[in-house]
Structures are given as structure tokens and as C-alpha cells.
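Visitor: Numbering (mature numbering (1 follows the signal peptide of the UniProt record, and there is no 0)) for the sequence shown: -34 to -1, 1 to 307.
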Amino acid sequence: MGTHRRPKPPSRARIATLGMAAGAVSLLPTQAQAAPKPTVDEVRQQVEKLYEEATAPTEEYNRISAEQKKLQREADRARDRLARKQQEVNELREKIGPLAAAQYRSGGIDPSVQLFLSGDPDDYLEQAEMLDRTSNRQADALGAMQAKQRELTQERQTAQERLKDLEETRTKAAKKRDEVQAKLTKARKLLNSLTAAQRARMEADQERDDAAAGVSDSAATYNGPASGRAKAALDFAYAQLGKPYEWGSTGPNSFDCSGLVGASWRTAGVSLPRTVKEMYDAGRKVARSDLQPGDIIYWYNDNQHNGMYVGNGKAIHAPRTGKNIEIVPLDSMPFFAASRP
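1. Confirm, please, whether the CB-CB distance from Ala192 to Pro259 is below 7 Å.
2. Quick check: the Cα distance between Glu121 and Val252, rounded to an integer number of angstroms?
3. Which of the three DSSP states is assigned to Lys251 in this structure?
4. What is the C-beta distance between residue 337 and Asn272, in whole angstroms, given that I count them as a contact (C-beta under 8 Å)?
5. Hey, Leu207 and Asp183: beta-carbon distance below 7 Å or not?
6. Within this structure, are the beta carbons of Ala41 and Arg128 separated by less than 7 Å?
7. If you follow the beta strand (DSSP E) that Tyr264 is part of, which residue opens it and which one closes it?
8. At the level of alpha carbons, what is the spacing between Asp247 and Pro218?
9. Out of Glu18, Glu173, Ala304, Gly194, point me to the one whose CA is closest to Lys152's CA.
10. Mind checking which residues open and close the alpha helix (DSSP H) that includes residue 311?
11. Going by DSSP in three states, Ser298 sits in which element: helix, strand or coil?
12. Closer than 7 Å by C-beta to Gly109: which residues in its own chain qualify, once you throw out the five before and the five after it? Chain order, please.
13. Candidates Asn267, Ile282, Thr24: which alpha carbon is nearest Phe302's?
14. Just verifying my parser: in three-state terms, what is the DSSP assignment at Gly277?
15. For Leu257, which residues in the same chain have their Cβ closer than 7 Å to its Cβ, ignoring the five residues on either side in sequence?
16. Which ranges would you report for the beta strand (DSSP E) in the region 103 to 163 if only whole runs of at least 3 residues count?
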């Protein structure tokens, strides 16, 4: 039978240690719940950072979308050519069928035997000449058929390649779209964490800062020194003041930055590439000291953000999600370069 011993009572030091540990554990949930919420200013800074981070993938999405449209057109043309080639092959098959049947009917006996059996040699020679012409026509038809078959095979391969490229591009575009939307969703959650009063305060702070910086999205008419196509482009851009920024949009109710620049110059009869980077690469570079109204301004770098110079040290642009098309000082963002369409 086992011996039962009373457990040794814990020492005072151990009791104190356990008590401290229990106290620390009991404090953990309270500390986690008491984590301070970001202030209105902190939310504003985080939201602006997220909007700025969404700019680069937006332009990449625009580039991929433009490529997707091009590939779609190429795939459609390839399918059209494939259908035409298939029709041509089908028509040749219909022609070759009767020729082959005629050869089978008249060409199965050796020509010398046919001459021997023929009651009228002249009639036989006439038939032989017809058969020879038939054989020549069939050979020509077969040659054409083989050529069309090769063309058909090539068109089918081209169409398949274009469709494969198109599918890959769609996948890339979807990834970039999701990347942008993830950042915008995070920004919306931050904004939704504010009370109505806090939102109103943040918007008032934004308006005050914009006014102090000389930023305006109020309706206005261009009355600067530009002329010709540049004036037509700026007239259009000014007519869009106050319309919202929307990523991936080229109008008419909303625009992203390169969408506004492209639409403005397109109205003036000038076709520009879709993205900031492509516009930068295609344009004739001009020094800041030589800026003229209508020139395209690039801020930060050559692929993130652009707008149009309007004169007097100011530019018009579509800024970011949550804001409208506006007039801003040229130095409201880090100036990178300028180009002239």
C-alpha cells in the first residue's frame, strides 16, 4: 500500500512569482483591447500613401489592358483569316472530287489497250487528250490544295498563339487589377473606421491644405497663351475639372492621369499611347525652362504620374482616388521631366 504524503506548501517567493505571472496574464487582453486607434491625421496619411502606392500598378494595368486589346484584335483577325482559308480549302475539295472521279472512271485501263479496243481511233485520241487535260487540271488543283492546306495550318497555329497570348495577358491584367483593388479596399476600411465627424474634419483639412497650396478643382475655362492643337487639348482638359479620378478610366465621366492626358490630346487630333511610361518614351523631351502650355508633365519618375502644363507654373491633372481633376502648382509634386506631343 502506498504512502500518502501531504504536498510541500509553496514558498513565499514562489507564491509571489505565480501571482505576478497571473497578474501579467490578466493584463494582456486589456492591453490588446486598449491599443489606440489611429488619429484622423494618421488615417489621412495612411490613406494617401495607399492611394499613391496604387498609382504604379494602375499604370501597369493600363499597359496590360492596352496590350490585351491589341491581342484581341490580332486574334479576331487571325480567326477571320482561318475561316477564309478553311472555306477556300473546302471549295478546292469540291472541285477535286469530280476530277478524281473522272480519272478513276477513264484512267483505269492502259492507254494502249484502250486504243486497241477502241472502234474509232480518232475518238480515242480525242478522249485521251481530254483525259490529259483533266489530269493536268487535277494536278493543278491538287497543288493549289496542298498550298491552301499549308496556309490553313499556319493560320490555325497563328490563331492559337494569339489566343494563348491573349489568355496570359488577361491573367496578368487580373493580377494587377486585384493589386490595385486590395490597396483601395484597405484605404476604404481606414476611412470607414472614422466617425462622420472625423471624416468631415479630414475633408475640411484637405480642402484647407489644397487652398493654401493653390490647388483647385472648380470649373474654369482655359484663357492662356496656347494656340492650335495645344489649346484644343487644354480646352478639353479644363472642361473636365471637377470630374472624379478613377483608375483605369479614359472618360468621359472620369479619368486616371494618363487617361486625361490621352483624351485631351486625342480631342486635338493627336493620338498618344495609353500609359505614362509609353507617353514619356514617345514624346519629344523639353527642358523645364522651355515649357509651353500643353506639354506633358511627369512627376516622381517616368512611369508613375503625369498631367499637362497650363502656364504660369501650374498644371492640370487627374490626381488619385478620392479626388477630382484639378489645377495644381507645378512643384506640388517632385518634377521629373516634360515632353511635347
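Note that the Cβ used here is the ideal one computed from N, Cα and C, for glycine as well.
Guide: For this structure:
1. yes
2. 45 Å
3. strand
4. Outside the shown range of the chain, which is -34 to 307, sits residue 337, and nothing can be said about it.
5. yes
6. yes
7. 262 to 265
8. 26 Å
9. Glu18
10. Given that the chain is displayed from residue -34 to residue 307, the structure contains no residue 311 and the question cannot be resolved.
11. helix
12. none
13. Asn267
14. strand
15. Tyr275, Ala304
16. none
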